[in-house]
Amino acid sequence: MNKFKHLSQEQRYQIEALFRNGTSQTKIAAIIGVNKSTVSRELQRNTGKRGRYSGEYKAAVAQNRTDERHRLKRKRIKFTESLKEEARKFLVVDKLSPELISVTWKKQGKEGVCHETLYNWIFTAKKSSHWRYRRDRELYKNLRHGKRKRKRGNYRHTRGIIRERVPIDQRPPVVEKRQRIGDIEVDLMMGKNHKSALLVLVDRATLVTTIEKLDGKNADIIEQKIAKRIQRIGASFFKSITFDNDMAFANHYKIRDKFNIPTFFTRPYTSQDKGTVENRIGLIRAFLPKGTDLNQISREQIQNIETKINNRPIRKFNYLSPIECLMKKLGVAFMT
Numbered sequence: 001m002n003k004f005k006h007l008s009q010e011q012r013y014q015i016e017a018l019f020r021n022g023t024s025q026t027k028i029a030a031i032i033g034v035n036k037s038t039v040s041r042e043l044q045r046n047t048g049k050r051g052r053y054s055g056e057y058k059a060a061v062a063q064n065r066t067d068e069r070h071r072l073k074r075k076r077i078k079f080t081e082s083l084k085e086e087a088r089k090f091l092v093v094d095k096l097s098p099e100l101i102s103v104t105w106k107k108q109g110k111e112g113v114c115h116e117t118l119y120n121w122i123f124t125a126k127k128s129s130h131w132r133y134r135r136d137r138e139l140y141k142n143l144r145h146g147k148r149k150r151k152r153g154n155y156r157h158t159r160g161i162i163r164e165r166v167p168i169d170q171r172p173p174v175v176e177k178r179q180r181i182g183d184i185e186v187d188l189m190m191g192k193n194h195k196s197a198l199l200v201l202v203d204r205a206t207l208v209t210t211i212e213k214l215d216g217k218n219a220d221i222i223e224q225k226i227a228k229r230i231q232r233i234g235a236s237f238f239k240s241i242t243f244d245n246d247m248a249f250a251n252h253y254k255i256r257d258k259f260n261i262p263t264f265f266t267r268p269y270t271s272q273d274k275g276t277v278e279n280r281i282g283l284i285r286a287f288l289p290k291g292t293d294l295n296q297i298s299r300e301q302i303q304n305i306e307t308k309i310n311n312r313p314i315r316k317f318n319y320l321s322p323i324e325c326l327m328k329k330l331g332v333a334f335m336t
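Numbering-wise (full-length UniProt numbering), the sequence shown opens with residue 1 and increments by one.
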């Protein structure tokens, strides 16, 4: 007896003709050379149940249904050890989420597993005592999760009057739309015991992020760092800069006057006014956790983190990276 096999389109037309003539399923199977159960399953799946073709078998309809089922059926990808090794690197070194790992494989044209499979692997390893999961038991610690904590205590020198401070409610409405390149949010990321810091600048439209290691936190040093970054990129790129109320940014007006860039300040104790840069600092923390002595981190390490963040896919950009989003916007601007 022949084993089950998939029917060809020609065999389906044979079944249609024989079934219409009242030929038994056993005889149809013998004529077309398949198992009787194959014919039975085919007729059960594809014989009309109601309406005009109730009780009839149509080969063309059956073939279309089969093609559609095959199209919709997801190809099962085996989660091989080589894929796991790649996933470990993406998680531990690049700090990518399972969703972004899956997207990265797709962008590379590689057959990888879905993010649900990755989460299942990570949390199975966390809970299992089996020896084969021993290597991966700590992988879950690389996931970004939990509620965003309010920042950041009273260690900042926030007292004092910032000269020529312009509040955020006077910022042009176009900044809120996040469509224009060059509207920048600026903040400090503090290191161990608040004795070291990074200067972080983020473009609101593209999330392109620049990170500067600071040799000190006074207003003159920070003014010089921002000025050098503006000169390196070009003042025409910058449309506005938004700071918080730290006295470290007290020299904002010198930047404003030198480069003709409007500067604005958030409302006191209102971190959501600079949520973009806060979010990017949260991502930098995946590489440099709280308690890290930033004085011990080299500029090369900082540059490497900046590169990883700017090449990380972003869901709201349809998984383009910040750099890709910037290039796309610059291309559109050039064409128009």
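In this text, a Cβ means the ideal position worked out from N, Cα and C, and glycines have one as well.
Nearest to residue i (by Cα), restricted to the options the options
i           : options               : result
residue 180 : 86, 191 and 329       : 329
residue 271 : 261, 263, 262 and 282 : 282
residue 258 : 286, 227 and 233      : 227
residue 99  : 120, 81, 80 and 82    : 120
residue 139 : 322, 95 and 7         : 95
residue 323 : 43, 17 and 205        : 205
Residue i versus residue j: straight-line alpha-carbon distance, rounded
i           : j           : result
residue 12  : residue 284 : 60 Å
residue 10  : residue 21  : 17 Å
residue 86  : residue 307 : 19 Å
residue 107 : residue 89  : 17 Å
residue 111 : residue 122 : 19 Å
residue 256 : residue 234 : 14 Å
residue 207 : residue 116 : 27 Å
residue 280 : residue 78  : 34 Å
residue 142 : residue 118 : 13 Å
residue 63  : residue 46  : 9 Å
residue 262 : residue 240 : 5 Å
DSSP state of residue i mapped onto helix, strand, coil
i           : result
residue 225 : helix
residue 57  : strand
residue 294 : helix
residue 79  : coil
residue 337 : This structure leaves residue 337 out entirely; the chain is present only between 1 and 336.
residue 11  : helix
residue 187 : strand
residue 181 : coil
residue 167 : strand
residue 162 : coil
residue 93  : coil
Supposed contact pair residue j and residue i - C-beta distance, whole angstroms, cut 8 Å
i           : j           : result
residue 344 : residue 161 : With the chain covering only 1 through 336, there is no way to say anything about residue 344.
residue 197 : residue 225 : The Cβ separation is near 11 Å, so there is no contact.
Range covered by the alpha helix (DSSP H) that runs through residue i
i           : result
residue 248 : Run containing residue 248: none; DSSP gives neither H nor E here.
residue 207 : Looking at the DSSP string, residue 207 is not in any alpha helix (DSSP H), and its letter there is neither H nor E.
residue 45  : 36 to 46
Where the beta strand (DSSP E) containing residue i begins and where it ends
i           : result
residue 264 : 263 to 265
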